[in-house]
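The sequence shown begins at 75 in the numbering used here and counts up one residue at a time. A short write-up of the structure that comes next.
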Amino acid sequence: MLMRIYIYFLLSACYMSIQSDISVATEPCDVQVAPNFVTIGATYNGGKVSVTGTVPSDAEVIIEVDGTEAETMLLKKKHVFGLFWMNSDTITV
Numbered sequence: 075m076l077m078r079i080y081i082y083f084l085l086s087a088c089y090m091s092i093q094s095d096i097s098v099a100t101e102p103c104d105v106q107v108a109p110n111f112v113t114i115g116a117t118y119n120g121g122k123v124s125v126t127g128t129v130p131s132d133a134e135v136i137i138e139v140d141g142t143e144a145e146t147m148l149l150k151k152k153h154v155f156g157l158f159w160m161n162s163d164t165i166t167v
């Protein structure tokens, strides 16, 4: 129990030190992203996204890539009789 408390305080201290160094831009930044969206399907094999823009010279930039949240049903495969792979269950992700 004492170890959990120690780890909690250690992680809290690390989080606070990181948060104190982060600030939000006070000036608007001009940013362009191309393409606007990337379609990922069964045959997706990677892609390129170009991000260009202007920021103040003393700024550090973080780019966050995000997607829409959606539930997807997948089929779980199982080896049967040592010969075949068959659908054994569904998984919702």
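Glycine included, C-beta positions come from ideal geometry on N, C-alpha and C.
Residue from the options with nearest C-alpha to residue i
i, options, result
"K122", "T146, T113, N161, V167", "T113"
"A133", "P102, L149, M147, L148", "P102"
"T142", "L148, H153, G127, F111", "F111"
"V52", "V135, V125, N119, G120", "Outside the modelled stretch of the chain, which goes from 75 to 167, sits residue 52, for which no answer is possible."
"E145", "S131, S86, I165", "I165"
"Y127", "V105, N161, D163, K151", "One detail in the question is off: residue 127 reads as Gly in this sequence, not Tyr. When only C-alpha atoms are compared, the closest one is V105."
"A116", "S162, G156, L148, F155", "L148"
DSSP beta-bridge partners of residue i
i, result
"V105", "G127"
"F158", "V154"
"I165", "L148"
Complete runs of the beta strand (DSSP E) confined to the region 113-156 [at least 3 residues] | Runs of the beta strand (DSSP E) inside the region 113-156: 124-128, 147-154.
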